[in-house]
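Counting from 152, one number per residue, gives the positions in the sequence shown under my numbering.
Cβ atoms here follow ideal geometry from the backbone N, Cα and C, with glycine treated the same way.
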Amino acid sequence: MTQPLQLKAYAKVNLGLDVLRRREDGYHEVRMIMQTVKLFDLITLQKNTCGQIRLSSNLPYLPLNEKNLVYRAINTIRTAYNIPDGVDATIEKHIPVAAGMAGGSTDAAAALVGMNQLFSLGITQEELIKHGLTLGADIPFCIMRGTALSEGIGEILTPLPSIPACWFLIVKPTFSMSTKFVYENLHLDEQTKHPDIDGMIQAINHNDLTGITYRMGNVLEQVTQKHYPAIIQIKENMRRLGALGALMSGSGSTVFGIFTSREAAGKAAEFFRKDPGIKQTAVVRPFSKDLPQSKPHKNHKHFTNSTKKYHSATQREKYSGKRGRRNTHEGHKS
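Okay, structure coming up:
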């Protein structure tokens, strides 16, 4: 029996999210600044001889069949490359679910990358991205990772320089949002406040963290905040506690704040952990392809055997949380 392959599936946040229009096919044309953060699920793959895809997870309510994006990702590669062997896959969830952080999409992206490695297929990243797009709009970015401008329905990606060193405080409330509901209730008109995506790109190019946080904006907040005013309160508390900027990620319900120091982010995290309306918190760094990676903290000792395709957890990154619900969104469609 072959050795299991373990990969880290990193979460994403949207530093800026603009919706331009609703297309005739039901998808929304978006313009977003995507950022990978170093909060991750663990995906373990191993060949089996029974010729079947068998999934397991630490969350009992995850579907473990063809409804799961990891299952579909594995099946996509098996079918495309005529692989007779089966695959056992374990999904260890840490990314908040139903949270706007692409948890399901990044797990699928890791499965695609892992299948390529497990069976030594030699698939290029461009080809993997094409396979990913057939499964979900966020998967191409989750394969590429880093910082990028995302356009179209999410499939047109332009890599950007890494953002300046900082810390992200991730806060997931007890409630979750349906992406389908958010997009269905989004009404764009002359009063819609659109984020300055071009200005943010310039700030990123100039390594200007303040310029980035000043321009953070998410069109979808106008829907979510109307139904859950707690989003507004979380953002206000983050800024009061020292965040340069705070924003809802994707369609929610996760809110993140950007801090210049680990200490300030940690103190803010302690505030939110005492709030019964908060389910999960995490203090992490942005994923950067440019910065050297720190040694993993002892609390992440079990993460250190991951494949070299995925960087190890940075020193002193912390995660705490309770289980949430699965995010079944696969695209920006209503």
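The criterion of a C-beta distance shorter than 7 Å is not satisfied by Pro214 and Lys323. If you ignore the 5 residues before and after Val370, its C-beta comes within less than 8 Å of the C-beta of Leu168, Asp169, Val170, Leu337, Leu339, Thr343, Lys344, His345, Pro346, all in its own chain and listed in chain order. As the crow flies, the alpha-carbon of Lys377 is around 13 Å from that of Tyr334.
Rounded to the nearest angstrom, the gap between the Cα atoms of Gln431 and Ala419 is 13 Å. One alpha carbon belongs to Met351, the other to Asp236, and they sit about 46 Å apart. Among the bridge pairs identified by DSSP, Ser207 is matched with Thr241. When secondary structure is reduced to three states using DSSP, Thr187 falls in the strand class. In the three-state reduction of the DSSP assignment, Leu269 falls in the helix class, which pools H, G and I.
Between the alpha carbons of Leu272 and Tyr379 lies a gap of roughly 46 Å. Gln197 is bridged by DSSP to Asp239.
The distance from the Cβ of Leu190 to that of Val374 is about 25 Å, inconsistent with a contact at the 8 Å cut-off. Annotation for Tyr365: the continuous alpha helix (DSSP H) segment containing it runs 360-365.
Under the three-state reduction of DSSP, Gln431 is assigned to strand.
By the C-beta criterion, the segment 358-366 is judged not to be in contact with the segment 299-309, since fewer than 3 inter-stretch pairs fall below 8 Å. As DSSP reads the structure, Ser301 sits in a beta bridge with Met183, Leu308.
Tyr161: member of the beta strand (DSSP E) spanning 156-173, first to last residue. As computed with DSSP, Phe438 is found in no beta bridge at all. Within 10 angstroms of the beta-carbon of Gly428 lie fewer than 16 other beta-carbons, which makes it exposed. Cβ-Cβ distances below 8 Å link Ile294 to Ala260, Leu263, Val264, Gln276, Leu279, Ile280, Gly283 in the same chain, with the five nearest sequence neighbours on each side left out; the list follows chain order.
Put simply, the backbone Cα of Glu414 is about 29 Å away from that of Ile348. Collapsing the DSSP output to three states places Lys425 in coil. A distance of 7 Å or more separates the beta carbons of Ile304 and Asp258. Taking all protein chains in view, the Cβ of Gly202 is surrounded by fewer than 16 other Cβ atoms within 10 Å, so the residue is classified as exposed.
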